[in-house]
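Counting in the working numbering, the sequence shown runs from 40 upward without gaps.
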Amino acid sequence: MPVISRDTAVAQIAATHGAIPLAEKAGAGLNEAIRLGLQKAAAMGASQALILPSDLPFLRVEDVAVMGDPSSSAILIASDRSGAGTNALRLPLPTEFEMQYGRNSYHKHLAEARRLNSPIHTIASPTLQFDLDTPQDWQEAFGEIGSICEIEPI
40 MPVISRDTAV
50 AQIAATHGAI
60 PLAEKAGAGL
70 NEAIRLGLQK
80 AAAMGASQAL
90 ILPSDLPFLR
100 VEDVAVMGDP
110 SSSAILIASD
120 RSGAGTNALR
130 LPLPTEFEMQ
140 YGRNSYHKHL
150 AEARRLNSPI
160 HTIASPTLQF
170 DLDTPQDWQE
180 AFGEIGSICE
190 IEPI
């Protein structure tokens, strides 16, 4: 599994845990970093990739299992709570899918899938949709940990 970062400490931790660290190009941005990771994963023989941001405090093993379901060849996507951002994206590899992270990425990713005539399924999961983008999100997360998660977050 590739881990893309400019941070050498992150690269060392990734390597220690069996991941393949890839140096992110300065100024490349998130979409380019993900593209690099997808290319590396495909070159290593991966048949699919799951893209998850690091700000999903209630992510569960079950969420990852649904998003990584090998029986589906469709693109799988989960939005954030507002329905504007993309909190999870599963793609078959290799892919010509152009990353659209940034403002309104969810709708842009749906449009990209349509452009490629790819089947796409949306996944609705409160634990996958909850991200930490605002101070209010942080307050809500720390106030609701017990009620949202019945198991330990990943």
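Positions of the beta carbon are idealized from the N, C-alpha and C atoms, including for glycine.
**Item:** Close-in-space but distant-in-sequence residues of the same chain around L69 (CB under 6 Å, 5 per side omitted)
**Value:** One-based indexing of the sequence shown puts residue 69 at position 30. Y140.
**Request:** Mind checking who L130 pairs with in its DSSP beta bridge?
**Result:** Walking along the sequence shown from the start, residue 130 turns up at place 91. DSSP, once it has assigned bridges, lists A88 as partnering L130.
**Message:** Based on DSSP bridge pairs, tell me the residues matched to S44.
**Reply:** What you label residue 44 is simply residue 5 of the sequence shown in a count that begins at 1. Paired residues: A62.
**Message:** Please report the straight-line C-alpha distance between V42 and Q78, rounded to a whole angstrom.
**Reply:** One-based indexing of the sequence shown puts residue 42 at position 3. One-based indexing of the sequence shown puts residue 78 at position 39. Approximately 12 Å between the Cα atoms of the pair.
**Item:** Neighbourhood of L89 by C-beta distance below 6 Å, restricted to the same chain and skipping five residues each side
**Value:** For this step, residue 89 is matched to residue 50 along the sequence shown. These residues qualify, in order along the chain: M106, G107, R129.
**Request:** Could you tell me which of K147, G182, L171 sits nearest to L98, measuring between CA atoms?
**Result:** For the purposes of this step, residue 98 is identified with residue 59 of the sequence shown, where counting begins at 1. Nearest of K147, G182, L171 to L98, Cα basis: L171.
**Request:** Could you tell me the boundaries of the beta strand (DSSP E) in which L171 lies?
**Result:** Locating residue 171 in the sequence shown gives position 132, where the first residue counts as 1. Per DSSP, L171 belongs to no beta strand (DSSP E) and is neither H nor E.
**Item:** Opposing strand residues paired with A117 [DSSP bridges]
**Value:** Looking up residue 117 in the sequence shown gives position 78. Per DSSP, A127.
**Prompt:** Does DSSP put H56 in a helix, in a strand, or in coil?
**Reply:** As a position in the sequence shown, residue 56 is number 17, starting the count at 1. Here H56 sits in coil by DSSP.
**Prompt:** Which ranges does the beta strand (DSSP E) cover as unbroken runs of at least 3 residues, wholly within the segment 133–168, from first to last along the chain?
**Reply:** 159–161
**Item:** Residue span of the alpha helix (DSSP H) that contains A80, given as start and end
**Value:** Position 41 of the sequence shown holds residue 80. Element bounds for A80: 69–82.
**Item:** Nearest to H148 (by Cα), restricted to the options A163, S118, L132, A62
**Value:** Here the question's residue 148 lines up with position 109 in the sequence shown. Among A163, S118, L132, A62, the Cα nearest to that of H148 is on S118.
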